[in-house]
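Trainee: Numbering (the working numbering), first residue to last: 515 to 1289.
C-beta atoms are modelled at their ideal positions from N, C-alpha and C, and glycine is treated no differently.
Please read all numbers here as calculations on a predicted model, not as lab measurements.
Handing you this structure, nothing more for now.
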């Protein structure tokens, strides 16, 4: 009860802010958009009682176990394997009706094939229901691989809907999930072949390079209150309920320790950091826990840390080191360890980050050094002002002083050894009309145990010479795009060579893709926090210098879903899009569009992965190169709108707000970047990057012509995915957003021709169809 009451207090604090300068508010995100890869149609599976997710790996791992999260080592792919029984193997297998399957999803509840008829009033009535046949599931384990220890009948975990339409017959085969069945009884099983590169049996954590501050190596595993798909474990925040409990798990594959004794001195170590670039630090009850599985198969707590706040948000922050002796209680041929965290379960909150997990023999409690040099951050654009600009604007070259940095800004390099590290760094680039080309190498010796940011100059510990990558020519011009398109893409790589016995090679290279698309961007594409103003009718504006006169076609903005109802039709979160021109501050309003709402991606809710919402300009709006253009809004609420806030790039010198207090515009005081991008060029209704499936991926509309309602059907609608339908007028304005698998109301549309498109949860679109509405 104490933990629950305390969690209420912490949740109230979390709903507040980490940083507030006057009306400026920073909040934790609710959704990791870059992690989002599942449909909301499939709820998160509970971790204790109920659904289970089991991964079976046959071969146990051997020492040493070393993981720095710079590569993918999660259990993602499944295939059939062989079943040898030795002390080094640990597996289970299953049969479905006599055949081995890679995976199976089922329920102990009976499911059915339904046939429906649609009545004149557009309602549906059931005609018949037939139970689906049961499948017999047989379970095996390594102790006796030839005789099943359990046989259970299971059914498919979805019902099938067929319908006979009044004006014709069609067998749509629409598959939909019965949420009661899925939540209560569904399970997933998988098995795979031996794979020594697979370290983990689950993937709840968020592997990223954006949240940690000065990690030991590039890439960390982040624990929070969002599940493996990046969405909250529980949206149910209310006046008397703030969900708090166990959140993310990170469990190792089995590791063979059976051949060791206490004299081998086996230690487990890792680095950890609370908060990082998260807005709110974990509190005392938001703990990080490490557990070992003993020889009896019981998980035991061996280490934990209560939550704490960082003293600042600068590069002086360090990860902390933890080391645990592994005693003989855990020496088996299937030893496992796992991390878990306690957190508020409403999103990317109460963050913990871990890095450089090591399990090995012949170690001691303070064995934190090893021969490895590693980059610690991602690389950013070599452009001086932006991360990306439209290619045709770049090629116009109206202001070359804004283009290239005079030297490379490197992402930091960490010498993790107790001796000097001889380092040789190279820089390469290739892309449209170029390369690949390689710049000359840079040499130097880095001091032991330090992180060095080469753009500021690191020193040769022997001679005191500044160590930097080669200078860039600030008048360098990317070559003409040989494809003749209005976009271009170049790949930069910085990599190290020369350390013969380097422990992990995957952390020795960083890559950046320089994109020249149809937008200007200060941000790197990933939000770490949400941003907003807490004053009704306040305005914000982001300043852009435009290189070429062009039509402003749309404004792209990233929004964090603050609540499950954030994007509802009756949402109070409204704003007016505004465009100004001016010099230091916004001066002349040249465009506005009111009654807009925040969106996640191209539709109202969870239809694109890590994407921006596009707000289209419904007139020919020309923006010139003189002065600046300012893009922003005036909000119609005192609630924070949750604009994406990039904490890894600081552009606040170009960010302004006005709280209508008579003092005009203020410059933002929060270091970071609002995720606002103006889009230029030819008219478009689909953002660059949206994939359109071939004409074979199609759907039908019934009835068509329509009067009041329509229904979409397609045999390409796949189980477990969410589909959104967008109905647009001929100019491309989206008039209706709806669930593509439900009845869609079109009675309020005027008679005429409309365009209907369908987008799945990955942002993949089906072929657009025409709809005729006739009243």
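For my contact list, residue 860 and residue 746 are in at a C-beta cut-off of 8 Å; report their separation, rounded to the angstrom.
Mentor: Translated into the one-based positions of the chain shown, residue 860 becomes position 346. Translated into the one-based positions of the chain shown, residue 746 becomes position 232. Rounded, the Cβ-Cβ distance is 5 Å, consistent with contact.
Trainee: Could you compute how far the alpha carbon of residue 1086 sits from the alpha carbon of residue 1151?
Mentor: Position 572 of the chain shown, counting from 1, holds the residue named residue 1086. Position 637 of the chain shown, counting from 1, holds the residue named residue 1151. Cα to Cα, residue 1086 sits roughly 7 Å from residue 1151.
Trainee: From the DSSP secondary-structure annotation, give me the bridge partner or partners of residue 855.
Mentor: Position 341 of the chain shown holds residue 855. 802.
Trainee: Check whether the Cβ atoms of residue 1146 and residue 541 lie closer than 8 Å to each other.
Mentor: Locating residue 1146 in the chain shown gives position 632, where the first residue counts as 1. Locating residue 541 in the chain shown gives position 27, where the first residue counts as 1. Not in contact: residue 1146 and residue 541 (Cβ atoms no closer than 8 Å).
Trainee: Which one of 1016, 1261 and 1008 has the shortest CA to CA distance from residue 896?
Mentor: Along the chain shown, read from residue 1 onward, the residue named residue 896 stands at position 382. When each option's Cα is compared against that of residue 896, the closest is 1008.
Trainee: Go through the stretch 870 to 901 residue by residue and report every complete run of the beta strand (DSSP E) that reaches 3 residues or more, in order.
Mentor: Those beta strand (DSSP E) runs which fall completely within the stretch 870 to 901 and span 3+ residues are 887 to 889.
Trainee: Once DSSP output is grouped into helix, strand and coil, what is the label at residue 575?
Mentor: Counting from one through the chain shown, the residue named residue 575 turns up at place 61. Strand.
Trainee: Give the secondary structure of residue 715 by DSSP, where H, G and I count as helix, E and B as strand, and everything else as coil.
Mentor: By one-based count along the chain shown, residue 715 stands at place 201. Residue 715 falls in the coil class under three-state DSSP.
Trainee: Cβ of residue 1144 within 8 Å of Cβ of residue 1127?
Mentor: The count along the chain shown starts at 1 and reaches residue 1144 at position 630. The count along the chain shown starts at 1 and reaches residue 1127 at position 613. Contact flag unset, no.
Trainee: Here's a check: name, in chain order, each residue in its chain whose Cβ is nearer than 6 Å to the Cβ of residue 908, leaving out the five neighbours to either side.
Mentor: Taking the first residue of the chain shown as 1, we reach residue 908 at position 394. The answer, listed in chain order, is 1030.
Trainee: Name the one or two DSSP bridge partners that residue 767 has.
Mentor: Looking up residue 767 in the chain shown gives position 253. Residue 767 is not bridged to any residue.
Trainee: Which of the three DSSP states is assigned to residue 919 in this structure?
Mentor: Taking the first residue of the chain shown as 1, we reach residue 919 at position 405. Note: residue 919 maps to coil in three-state DSSP.
Trainee: Tell me residue 1102's beta-bridge partners as DSSP assigns them.
Mentor: If you number the chain shown from 1, residue 1102 lands on position 588. In the DSSP output, where bridge partners are listed per residue, residue 1102 has 1095.
Trainee: Which word fits residue 773, buried or exposed, when buried means at least 16 other C-beta atoms lie within 10 angstroms of its C-beta?
Mentor: Here the question's residue 773 lines up with position 259 in the chain shown. Under this definition residue 773 is an exposed residue.
Trainee: Looking at the strands, I want to know which residues DSSP matches up with residue 1127.
Mentor: As a working note, residue 1127 is residue 613 in the chain shown. BP columns for residue 1127 point to 1071.
Trainee: Please list, in chain order, all residues of the same chain as residue 759 whose beta carbon is under 7 Å from its beta carbon, the five residues on each side excluded.
Mentor: For the purposes of this step, residue 759 is taken as the residue at position 245 of the chain shown. Around residue 759: 856 and 859.
Trainee: If distances are taken between C-alpha atoms only, which option among 935, 940 and 1040 comes closest to residue 962?
Mentor: The residue labelled residue 962 in the question sits at position 448 within the chain shown. Ranking the options by Cα distance to residue 962, first place goes to 935.
Trainee: Applying the criterion that 16 or more other CB atoms from any shown protein chain within 10 Å of the CB defines a buried residue, is residue 883 buried or exposed?
Mentor: Residue mapping note: residue 883 aligns to position 369 of the chain shown, counting from 1. Exposed, because fewer than 16 other Cβ atoms sit within 10 Å of the Cβ of residue 883.
Trainee: How should residue 865 be labelled, buried or exposed, when 16 other C-beta atoms within 10 angstroms of its C-beta is the threshold for buried?
Mentor: Sequence index remark: in the chain shown, residue 865 carries index 351 (1-based). Counting Cβ neighbours within 10 Å, residue 865 comes out buried, since at least 16 surround it.
Trainee: Please state whether the Cβ-Cβ distance between residue 840 and residue 786 is less than 8 Å.
Mentor: The sequence position of residue 840 within the chain shown is 326, counting from 1. The sequence position of residue 786 within the chain shown is 272, counting from 1. No. Outside cutoff.
Trainee: Can you tell me whether DSSP reads residue 1134 as helix, strand or coil?
Mentor: On the chain shown, residue 1134 is found 620 positions in, with the first residue counted as 1. In this structure, residue 1134 counts as strand in the three-state DSSP scheme.
Trainee: State the Cα-Cα distance for the pair residue 538 and residue 1091, rounded to the nearest angstrom.
Mentor: Taking the first residue of the chain shown as position 1, residue 538 is located at position 24. Taking the first residue of the chain shown as position 1, residue 1091 is located at position 577. Between residue 538 and residue 1091, the C-alpha separation is close to 19 Å.
Trainee: Would residue 817 and residue 836 be called neighbours here (beta carbons separated by less than 8 Å)?
Mentor: As a first step, residue 817 must be located in the chain shown, where it is residue number 303. As a first step, residue 836 must be located in the chain shown, where it is residue number 322. Contact flag set, yes.
Trainee: Give me the DSSP bridge partner(s) of residue 1169.
Mentor: On the chain shown, position 655 is the one that residue 1169 refers to. Looking at the DSSP assignment, residue 1169 forms a beta bridge with 1056.
Trainee: Where does residue 906 fall in DSSP's three states?
Mentor: Counting from one through the chain shown, the residue named residue 906 turns up at place 392. Reduced to three states, the DSSP call for residue 906 is helix.
Trainee: What number of angstroms, rounded off, separates the C-alpha of residue 1139 from the C-alpha of residue 958?
Mentor: As a first step, residue 1139 is located in the chain shown; it is residue number 625 there, counting from the start. As a first step, residue 958 is located in the chain shown; it is residue number 444 there, counting from the start. Rounded to whole angstroms, residue 1139 to residue 958 spans 44 Å at the Cα level.
Trainee: Quick one, which of 582, 783 and 1243 has its alpha-carbon nearest residue 877's?
Mentor: Within the chain shown, the letter at position 363 stands for residue 877. Ranking 582, 783 and 1243 by Cα distance to residue 877 puts 783 first.
Trainee: Is it the case that the stretch 1045 to 1060 contacts the stretch 1102 to 1109, given that we only count it when at least three CB pairs across the two stretches are under 8 Å?
Mentor: No, the stretch 1102 to 1109 is not in contact with the stretch 1045 to 1060.
Trainee: Classify residue 650: buried if its beta carbon has 16 or more other beta carbons within 10 angstroms, exposed otherwise.
Mentor: In the chain shown, the residue the question calls residue 650 occupies position 136. Residue 650 should be labelled exposed.
Trainee: Please classify residue 1286: is it buried, with 16 or more other beta-carbons within 10 angstroms of its beta-carbon, or exposed?
Mentor: Position 772 of the chain shown holds residue 1286. Residue 1286 should be labelled exposed.
Trainee: Checking 8 Å against the spacing of the C-beta atoms, do residue 929 and residue 1024 come in under that value?
Mentor: Translated into positions along the chain shown, residue 929 becomes position 415. Translated into positions along the chain shown, residue 1024 becomes position 510. No.
Trainee: Nearest to residue 887 by CA position, among 1142, 1022 and 1240, is which residue?
Mentor: The count along the chain shown starts at 1 and reaches residue 887 at position 373. The residue with the shortest Cα to Cα distance from residue 887 is 1022.
Trainee: Can you tell me where the beta strand (DSSP E) holding residue 1087 begins and where it ends?
Mentor: In the chain shown, the residue the question calls residue 1087 occupies position 573. Element bounds for residue 1087: n/a, residue is neither H nor E.
Trainee: Below 6 Å CB to CB, which residues in the same chain sit around residue 1180 once its five sequence neighbours on both sides are set aside?
Mentor: Within the chain shown, the letter at position 666 stands for residue 1180. Correct list, in chain order: 1171.
Trainee: Does the beta carbon of residue 788 fall short of 7 Å from some heavy atom of the ligand NAD?
Mentor: No copy of the ligand NAD appears in this structure; indeed no ligand is present at all.
Trainee: Taking DSSP as the reference, what is the three-state secondary structure of residue 542?
Mentor: Looking up residue 542 in the chain shown gives position 28. If DSSP states are grouped into helix, strand and coil, residue 542 belongs with the strands.
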